[in-house]
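Numbering of the sequence shown is given in the numbering used here, commencing with residue 230 and proceeding in unit increments.
We put the beta carbon where it would ideally sit given N, CA and C, even for glycine.
Nothing here was measured: the structure is a model prediction, and the numbers come from that model.
Working notes for the structure below.
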Amino acid sequence: MHELGMTQRLLSLVEAQARTHGCMVVQAVEIELNALAGMEPEALRHGFHALARGTVAEAAELAITLCPALAHCPACGYTDSVTSRVQACTQCGTWPLDIEDQEALRLVAIRGA
Ligand SMILES: [Zn+2]
Numbered sequence: 230m231h232e233l234g235m236t237q238r239l240l241s242l243v244e245a246q247a248r249t250h251g252c253m254v255v256q257a258v259e260i261e262l263n264a265l266a267g268m269e270p271e272a273l274r275h276g277f278h279a280l281a282r283g284t285v286a287e288a289a290e291l292a293i294t295l296c297p298a299l300a301h302c303p304a305c306g307y308t309d310s311v312t313s314r315v316q317a318c319t320q321c322g323t324w325p326l327d328i329e330d331q332e333a334l335r336l337v338a339i340r341g342a
């Protein structure tokens with residue numbers, strides 16, 4: 230359900246952007262996906278294409294960049310970018326780190342005609 234919600238949100242963002250720019254056919258969608266969002270890029274891509282059927286984004290290519298999340302060490306205060314929740318502090322070895330709350334995904338750009 231979580232993944233479906235994220236995919237639907239992405240699609241509505243894309244549709245809103247397309248409307249704003251008077252874009253009738255979206256050819257490419259560029260997004261950044263938080264590595265800790267718990268979502269596989271492939272699952273997102275499949276879900277998006279399934280949901281986008283019959284919309285302006287029907288034929289859009291989805292370009293997904295995986296972004297690390299920011300984490301703070303509660304012991305030494307070091308801030309690191311992590312791609313996994315099992316990662317310990319690279320400075321002092323403390324685990325777990327405080328993962329910064331971030332958007333699961335971010336729409337970077339759309340291209341269309
Ligand atoms: Zn530390």
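Quick one: what's got a C-beta closer than 7 angstroms to residue i's C-beta in the same chain, skipping five residues either side?
| i | result |
| --- | --- |
| Val-337 | Glu-259, Ile-260 and Glu-261 |
| Val-255 | Val-243, Ala-247, Val-285, Ala-286, Ala-289, Ile-339 and Gly-341 |
Any heavy atom of ligand 1 closer than 7 angstroms to the Cβ of residue i?
| i | result |
| --- | --- |
| Gln-320 | yes |
| Cys-296 | no |
| Cys-347 | Because the chain here runs from 230 to 342, residue 347 falls outside it and cannot be looked at. |
| Thr-308 | no |
| Ala-300 | no |
| Ala-342 | no |
| Ala-292 | no |
| Thr-323 | yes |
Let me check understanding here. Comparing Cα to Cα, which of the options lies closest to residue i?
| i | options | result |
| --- | --- | --- |
| Ala-279 | Trp-324, Gly-251, Glu-232 and Asp-330 | Glu-232 |
| Gly-306 | Ala-264, Thr-249 and Leu-326 | Leu-326 |
| His-275 | Ala-288, Ala-266 and Leu-242 | Ala-288 |
| Val-311 | Pro-303, His-301, Cys-302 and Pro-297 | Pro-297 |
| Ile-339 | Arg-238, Leu-239, Gln-237 and Val-243 | Val-243 |
| Glu-329 | Asn-263, Glu-271 and Ala-257 | Asn-263 |
| Cys-321 | Leu-295, Cys-302 and Gln-246 | Cys-302 |
| Glu-332 | His-250, Gly-267 and Gln-256 | Gly-267 |
| Gly-341 | Glu-269, Leu-273 and Gln-246 | Gln-246 |
So residue i is in the beta strand (DSSP E); what residue range does that whole segment cover?
| i | result |
| --- | --- |
| Thr-294 | 290–296 |
| Glu-259 | 255–263 |
Taking residue i as part of the alpha helix (DSSP H), name the residues at either end of that continuous run.
| i | result |
| --- | --- |
| Leu-249 | Before going on, a small fix: residue 249 reads as Thr here, not Leu. Here the alpha helix (DSSP H) through Thr-249 covers 231–249. |
| Ala-272 | 270–280 |
Tell me whether residue i, by its Cβ, gets closer than 7 angstroms to a heavy atom of ligand 3.
| i | result |
| --- | --- |
| Ala-304 | The ligand content of the structure shown is limited to ligand 1, which means ligand 3 is not among them. |
With a threshold of 8 angstroms on Cβ separation, who are the neighbours of residue i within its own chain once the five nearest residues in sequence on each side are excluded?
| i | result |
| --- | --- |
| Ala-292 | Ala-257, Val-258, Glu-259 and Ile-260 |
| Gln-316 | Ala-300, Asp-309, Trp-324 and Leu-326 |
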